[in-house]
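Peer 1:
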Amino acid sequence: MSKLAELMAKKAELEKQIEAAKQAEQADAIKQIVDLAKSYGISYADLKPHMTRRRKRRAVMDAS
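So that you can map any letter, position 3 of the sequence shown is 3 in full-length UniProt numbering, and since no number is skipped, the others follow by simple counting.
1) Leaving aside the five residues before and after residue 2 along the sequence, list all residues of the same chain whose C-beta is less than 6 Å from its C-beta, in chain order.
2) So what's residue 56 in DSSP terms, helix, strand or just coil?
3) Ends of the alpha helix (DSSP H) at residue 2?
4) Using DSSP with H/G/I as helix, E/B as strand and the rest coil, what is residue 39?
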């Protein structure tokens, strides 16, 4: 196997490991968030207003 092929195989394996670690950490983060929300009595309805992005209004340019 050529050096390039070996490195590409290692890269593919690392990408799989990275994705697995990312999913595991995301699951842990979600669990922590849920636990904190429960302990403080925070509901999804309480969070919803904070989850939407406010869009800046564009100034209407006068075409004259």
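We put the CB at the ideal spot given by N, CA and C, even for glycine. This one's a predicted model, so the numbers in the text were calculated from it and none came from an experiment.
Peer 2: According to the structure shown:
1) In the sequence shown, the residue the question calls residue 2 occupies position 2. Answer for residue 2: no residue qualifies.
2) One-based indexing of the sequence shown puts residue 56 at position 56. Three-state result, residue 56: coil.
3) One-based indexing of the sequence shown puts residue 2 at position 2. Careful: residue 2 lies outside any alpha helix (DSSP H) and carries neither H nor E.
4) Counting from 1 along the sequence shown, the entry for residue 39 is found at position 39. The answer is helix: DSSP assigns residue 39 an H, G or I state.
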